[in-house]
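Residue numbers (mature numbering (1 follows the signal peptide of the UniProt record, and there is no 0)): -22 to -1, 1 to 159.
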């Protein structure tokens, strides 16, 4: 076989491999699962970006992706709790009204971070999906409770953070809902 024939055979093999890969729609592991899981989520873009940010998602199954989502929600809740605590300290504790407003928000965010999210993760791992869903509903309600504390104040000092927590918690609840039959 001359050099031209060898080169031609390699070229044909290369083309066949390319065709096979394109027909099988090969993509990185986890990517299709993330797309499939997030497809029916109310926060589809947030779902895809949140899960893709975590390197564990590349090798996770659906339950692993749900755990990643709970972890991301926990991080966002803790960031908001830290923010509320720092603002409250900066205003020097303020008066009774500030104590009630910020204190209620800190208490609610603290319960979400320290009780409901760990419980949701434990329930998910134990395959107690209805309980995990109930825990997440509690977390989803926290931003609304916090916002109610600042009714009549404009602009609300926590609006963007509350929305971020609400959206990621609701996205996570949507993911867990896929397990509830």
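For each residue, glycine too, the CB sits at the ideal point set by N, CA and C.
Note that this is a predicted model, so its numbers are computed, not measured.
For residue i versus residue j, is the C-beta spacing smaller than 8 Å?
i	j	result
residue 114	residue 147	yes
residue 31	residue 11	no
residue 128	residue 121	no
residue 150	residue 48	yes
residue 86	residue 123	yes
residue 119	residue 158	no
residue 58	residue 117	no
residue 145	residue 62	no
According to DSSP, is residue i part of a helix, a strand, or is it coil?
i	result
residue 156	coil
residue 27	helix
residue 20	coil
residue 32	coil
residue 148	helix
residue 45	helix
Going by the C-beta, is residue i closer than 7 Å to any heavy atom of the ligand GTP?
i	result
residue 131	Questions concerning the ligand GTP fall outside what the structure shown contains, since it holds no ligand whatsoever.
Have a look at the options and flag the residue whose alpha-carbon is nearest the alpha-carbon of residue i.
i	options	result
residue 20	158, 153, 159 and 157	153
residue 95	81, 83 and 112	112
residue 51	37, 33 and 29	29
residue 75	54, 57 and 130	130
residue 98	33, 155 and 73	155
residue 164	83, 15 and 88	Residue 164 lies beyond the residue range present for the chain, which begins at -22 and ends at 159; the question has no answer from this structure.
For residue i, count neighbouring C-beta atoms within 10 Å of its own C-beta (all shown protein chains included) and say buried if the count is 16 or more, exposed if not.
i	result
residue 78	exposed
residue 139	buried
residue 101	buried
residue 67	exposed
residue 38	buried
residue 18	exposed
residue 35	buried
residue 54	buried
residue 104	exposed
Entirely enclosed alpha helix (DSSP H) segments - the stretch 58 to 146, minimum 4 residues: Runs found: 74 to 89, 95 to 103 and 107 to 127.
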